[in-house]
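Undergrad: Before anything else, here's the structure in question.
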Amino acid sequence: MTIRTNEFNAYFTGATMRPRGRLTASDIPLIRALLDSGMPVAEAARKFEVRKQNIYSIKNNKS
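Shown next, in the form of structure tokens:
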């Protein structure tokens, strides 16, 4: 899965208005792509400001 540069930069520079601690449907493909590219679960959880369990659920296709 390819991550579009603008979308990636928007998420990690604070350019979006995603509520802290809440994931949206558009976050899920991005999180899966980051995990597939080797990002650790803990780091993804910090970037999206959610619990690691939320990221593990996405990683294990439970979302």
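Taken in order, the sequence shown gives residues 0 to 62; the numbers are from numbering that gives the first Met the number 0.
A virtual CB, placed ideally from N, CA and C, is assigned to each residue, including glycine.
1. Could you give the distance in angstroms between the alpha-carbon of Ser25 and the alpha-carbon of Gly37?
2. Helix, strand or coil: which one does DSSP assign to Ser25?
3. Can you tell me the Cα-Cα spacing of Ile20 and Tyr55, whole angstroms?
4. Could you tell me if Ala108 is buried or exposed, where buried requires 16 or more neighbouring beta carbons within 10 angstroms of its beta carbon?
5. Whole angstroms is fine: what's the gap from Asn59's alpha carbon to Leu33's?
TA: According to the structure shown:
1. 20 Å
2. coil
3. Inspection of the sequence shows that residue 20 is occupied by Gly rather than by Ile. Looking at the two C-alpha atoms, the distance is approximately 15 Å.
4. This structure cannot speak to residue 108, because the chain is shown only from 0 to 62.
5. 14 Å
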